[in-house]
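Visitor: Sharing a structure here in structure tokens format.
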Ligand code: C2E
Ligand code: CA
Ligand code: CA
Ligand code: CA
């Protein structure tokens, strides 16, 4: 506290000023990015580890900035959340993913379930219209689990009863729910029985050290057993080696996602690698 007092007048250091400037610029640029078609969705396959059929993919946003080139979501999602711009961006992501799923079904005859990441800020938005999402799905004939929404643990601990009813509405409309980054956030597991969740995604920090660290393997095994008993399927994130794939498969993990199968790739690349046209 003493230090704080002494430093108070030096708070705006040159680097802080640089950051404030950078941030303001980022916000300005983000404001026009949707209208200028600078966002793109990359797709990463989620594959069955148990020989099951059915392809899934996670849609991950990319920003092709006219001057800076490809900008990672890590750099702009937080700012988009703080400014509320994530609501417009999130609606775009949903519409884009839904149209893509319908397009793949029509062109390739394959139903690919597409997962999108949905920020807690979108859920907390009181003006959020679930109807407009559901109507688009109806128009595109996508009401049979073609879309999955990935949420994080923090949202479920929110204590906001509106969230729970929104999740129910989505599920009633044929949208599935994934719990992303499982194991990194909160230790309370009570919410797992309170909410209807379809998939648990084991965070990559657990998958990463499966080779060397047996504690992480024990945790993965326990998560898989628990999830199955609660009626959920499990997706392991960050699967990079064949060894990781094997031990996860042996432990009963349902799906894997990671560089071993593919990095997130643009639409055309995803089609070339994972989809085969109906009439060629
Ligand atoms: P996430 O939802 O946990 O997505 C998984 C991240 O792990 C992605 O990073 C993906 O490229 C990366 N990844 C996949 N497989 C591997 C692997 O085998 N090894 C390693 N080291 N990494 C792997 P990405 O695309 O940079 O996205 C970062 C985060 O940005 C996402 O984490 C998500 O939280 C957020 N994000 C991305 N797209 C959206 C979006 O449309 N909306 C929102 N709200 N957030 C998004
Ligand atoms: Ca995710
Ligand atoms: Ca994740
Ligand atoms: Ca993450």
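Numbering (the UniProt record's numbering), first residue to last: 731 to 1010.
Each residue gets a CB set at the ideal place from its N, CA and C atoms; glycine is no exception.
Note that the structure is predicted; figures quoted are calculated from it, not measured.
Is any heavy atom in ligand 3 found nearer than 7 Å to the beta carbon of residue 931?
Guide: Result yes, Cβ under 7 Å from ligand 3.
Visitor: Is residue 848 helix, strand or coil when you go by DSSP?
Guide: If DSSP states are grouped into helix, strand and coil, residue 848 belongs with coil.
Visitor: Kindly examine ligand 2 and report whether one of its heavy atoms sits closer than 7 Å to the Cβ of residue 759.
Guide: Not under cutoff, so the answer is no.
Visitor: Output yes or no for whether 8 Å exceeds the beta carbon distance between residue 785 and residue 840.
Guide: Yes, these two residues count as a Cβ contact at 8 Å.
Visitor: According to DSSP, residue 747 sits in a beta bridge with which residue or residues?
Guide: For residue 747, which the question treats as bridged, DSSP gives no partner whatsoever.
Visitor: Express the C-alpha separation of residue 797 and residue 969 in angstroms, rounding to a whole number.
Guide: Taking the straight line from one Cα to the other gives about 33 Å.
Visitor: Does ligand 2 have a heavy atom nearer than 7 Å to the CB of residue 910?
Guide: Yes, the beta carbon of residue 910 sits closer than 7 Å to at least one heavy atom of ligand 2.
Visitor: Confirm the yes/no value for this check: CB of residue 951, any heavy atom of ligand 2, distance under 7 Å.
Guide: Flag unset: Cβ of residue 951 not near ligand 2.
Visitor: Is residue 831 buried or exposed, if buried means 16 or more other CB atoms sit within 10 Å of its CB?
Guide: Buried.
Visitor: Report the start-end ranges of each beta strand (DSSP E) in the stretch 947-1005 that is 3 residues or longer and not cut off at the edges.
Guide: List check, beta strand (DSSP E) in window: 963-966.
Visitor: What residue range does the beta strand (DSSP E) around residue 920 cover?
Guide: Note, residue 920: premise wrong, no beta strand (DSSP E); not H, not E.
Visitor: Report whether the distance from the Cβ of residue 820 to the nearest heavy atom of ligand 1 is below 7 Å.
Guide: True, at least one ligand heavy atom lies under 7 Å from that Cβ.
Visitor: Would you say the beta carbon of residue 967 is closer than 7 Å to some non-hydrogen atom of ligand 3?
Guide: Yes, Cβ of residue 967 sits closer than 7 Å to a heavy atom of ligand 3.
Visitor: Using C-beta distances below 8 Å, list every residue in its chain close to residue 995, excluding the 5 sequence neighbours before and after it, in chain order.
Guide: Excluding positions up to five away in sequence, the list reads 772, 773, 774 and 1003.
Visitor: Would the C-beta of residue 788 count as close to ligand 2, meaning under 7 Å from any of its heavy atoms?
Guide: Correct: residue 788 has its Cβ closer than 7 Å to ligand 2.
Visitor: Return yes when the Cβ of residue 776 is within less than 8 Å of the Cβ of residue 932, no when it is not.
Guide: No, the pair does not count as a contact, with Cβ atoms beyond the cut-off.
Visitor: Please name the residue or residues paired with residue 778 in a DSSP beta bridge.
Guide: Answer is 985, bridged to residue 778.
Visitor: Straight-line CA distance for residue 884 to residue 916?
Guide: Taking the straight line joining both Cα atoms gives about 7 Å.
Visitor: Give a yes or no on whether the C-beta atoms belonging to residue 756 and residue 809 are separated by under 8 Å.
Guide: Yes, they are a contact pair.
Visitor: Kindly examine ligand 5 and report whether one of its heavy atoms sits closer than 7 Å to the Cβ of residue 880.
Guide: For the structure depicted, ligand 5 is absent and the ligand set comprises only ligand 1, ligand 2, ligand 3 and ligand 4.
Visitor: On the CB-based measure, 16 or more other CB atoms within 10 Å of its CB, does residue 848 come out buried or exposed?
Guide: Classification for residue 848: buried.
Visitor: Secondary structure at residue 791, three-state DSSP: helix, strand or coil?
Guide: If DSSP states are grouped into helix, strand and coil, residue 791 belongs with the strands.
Visitor: Give me the Cα-Cα distance between residue 768 and residue 799, rounded to the nearest whole angstrom.
Guide: The alpha-carbon atoms of residue 768 and residue 799 are separated by roughly 10 Å.
Visitor: Please determine if the stretch 868-876 and the stretch 888-902 are in contact, where contact requires at least 3 C-beta pairs separated by less than 8 Å.
Guide: Taking 8 Å as the limit for Cβ pairs, the verdict is that the stretch 888-902 does not touch the stretch 868-876.
Visitor: Who are the near neighbours of residue 753 in its chain, counting only those whose CB is closer than 8 Å to its CB and skipping five residues on each side?
Guide: Once the five neighbours on either side are set aside, the close Cβ partners of residue 753 are 809.
Visitor: Please return the same chain residues whose Cβ sits closer than 7 Å to the Cβ of residue 834, not counting the five positions on each side in sequence.
Guide: The residues are 840, 842 and 1005.
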